[in-house]
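Trainee:
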Ligand SMILES: Cc1ncc(C[n+]2csc(CCOP(=O)(O)OP(=O)(O)O)c2C)c(N)n1
Ligand code: SF4
Ligand SMILES: [Mg+2]
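Residue numbers (our numbering): 1 to 307.
#1: With residue 119 as the anchor, note down where its beta strand (DSSP E) starts and where it stops.
#2: Taking the C-alpha atoms as reference points, what is the distance between residue 215 and residue 274?
#3: For the structure I just gave you, are there three or more beta carbon pairs, one from the stretch 258-268 and one from the stretch 226-240, closer than 8 angstroms?
#4: Tell me whether residue 126 sits in a helix, a strand or coil according to DSSP, three-state version.
#5: Which residue spans inside the stretch 122-187 form an unbroken beta strand (DSSP E) run of at least 3?
#6: What is the residue span of the alpha helix (DSSP H) that residue 58 lies within?
#7: For a test of the three-state rule: what should DSSP assign to residue 209, helix, strand or coil?
#8: Is residue 69 near ligand 2, with its Cβ less than 7 angstroms from a heavy atom?
#9: Chain C beta carbons: is any one of them nearer than 8 angstroms to that of residue 301?
#10: Between which two residues does the beta strand (DSSP E) containing residue 64 stretch?
#11: May I ask you to check if the CB of residue 57 is nearer than 7 angstroms to at least one heavy atom of ligand 1?
#12: Do you know how far the Cα of residue 221 is from the Cα of residue 306?
#13: If we ignore side chains and look at the alpha-carbon of each, how far apart do residue 293 and residue 143 end up?
#14: How close, in whole Å, do the beta carbons of residue 103 and residue 75 come, if the pair is a contact with beta carbons under 8 angstroms?
#15: Quick one: what's got a C-beta closer than 8 angstroms to residue 92's C-beta in the same chain, skipping five residues either side?
#16: Count the other C-beta atoms from every protein chain shown that fall within 10 angstroms of the C-beta of residue 128, then say buried if there are 16 or more, exposed otherwise.
Below, the structure written as structure tokens:
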């Protein structure tokens with residue numbers, strides 16, 4: 001049977017296995033007639049651009065593979081923003097990322113740049129080594145709250161105190177996402193997790209650690225900001241912060257730290273929409289969004305050069 005016009009592509013009509021391909025009762029017995037399995041797309045799609053305009057396409061810095069993250073997870077958005085920034089700044093060949101242990105452990109499968117894996121919590125130490133060996137490269141770590149603020153808090157503080165010229169992207173989703181939602185240093189007071197089933201109690205576990213505020217007091221931190229990715233406005237601001245963190249590396253003035261409040265719908269036991277709302281309603285009370293430490297004085301003048 002000949003091809004029939006379709007809205008976007010010309011396809012051959014696929015008939016049921018026991019149906020003759022050309023509709024004639026005896027066609028299936030004719031030598032050379034096609035079975036249903038042999039009916040394949042014969043022509044390539046017509047150009048979609050004739051009818052549609054492409055308004056967005058993923059950057060080359062993101063590999064064309066499916067991500068393993070749960071629906072609505074903030075990790076995938078943060079990956080995309082970081083890779084868009086690398087693409088727009090034209091630094092793909094010079095950028096090296098360090099992946100954590102946690103849900104983002106496979107970041108290197110998605111980011112089309114040079115990457116290294118680090119043992120749980122050791123990303124800042126690994127990034128220190130890479131940056132010192134390759135001082136002209138742009139180096140970043142990507143870490144969760146369990147990775148950065150629990151097991152890796154020592155590495156994080158010491159790297160920033162040394163003013164290592166790296167960017168740290170810190171996904172704060174207030175739980176150990178990968179290992180099924182245990183309490184993290186950043187879990188909110190009253191937050192129910194698998195290891196705080198009655199809610200985080202201040203007398204037992206203390207207050208959630210505000211890592212950004214803490215490290216902003218270290219002289220080695222140059223730029224510290226807290227962002228989110230749960231709305232279009234938040235995403236735009238987060239992207240800007242990520243761009244800054246890369247651009248400021250050219251100045252060699254210290255560590256740039258971008259905390260991103262993200263959702264973990266699976267372990268929060270919420271829908272992605274509820275989880276986004278939870279960020280606005282609860283998370284930002286403990287972790288206010290905005291810049292915490294900005295370059296000033298002479299550094300501000302220097303920044304003009306890298307704009
Ligand atoms: C040395 C070591 N200790 C513990 C673990 C188990 N572990 C794997 S991921 C993880 C927590 C990850 O939480 P977080 O960093 O917040 O990342 P998320 O999954 O929430 O993005 C832990 C404790 C490990 N892999 N290695
Ligand atoms: S468990 Fe949470 S952090 Fe991990 S992929 Fe799922 S939503 Fe994301
Ligand atoms: Mg986490």
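Where is the CB? At the ideal position from N, CA and C, for every residue including glycine. Quantities reported herein were computed from a predicted structural model and do not represent experimental measurements.
Mentor: Quick look at the numbers:
#1: Run containing residue 119: none; DSSP gives neither H nor E here.
#2: 31 angstroms
#3: yes
#4: helix
#5: 138-144 and 167-172
#6: Where residue 58 is concerned, there is no enclosing alpha helix (DSSP H), given that its DSSP letter is neither H nor E.
#7: In the structure shown, residue 209 sits in coil (DSSP, three-state: anything other than H, G, I, E or B).
#8: Result yes, Cβ under 7 angstroms from ligand 2.
#9: Note that chain C does not occur in the displayed structure, where there is just one protein chain.
#10: Neither: residue 64 is in no beta strand (DSSP E) and is coded neither H nor E.
#11: no
#12: 18 angstroms
#13: Here the C-alpha atom of residue 293 lies approximately 20 angstroms from the C-alpha atom of residue 143.
#14: 6 angstroms
#15: 60, 61, 86, 112 and 113
#16: buried
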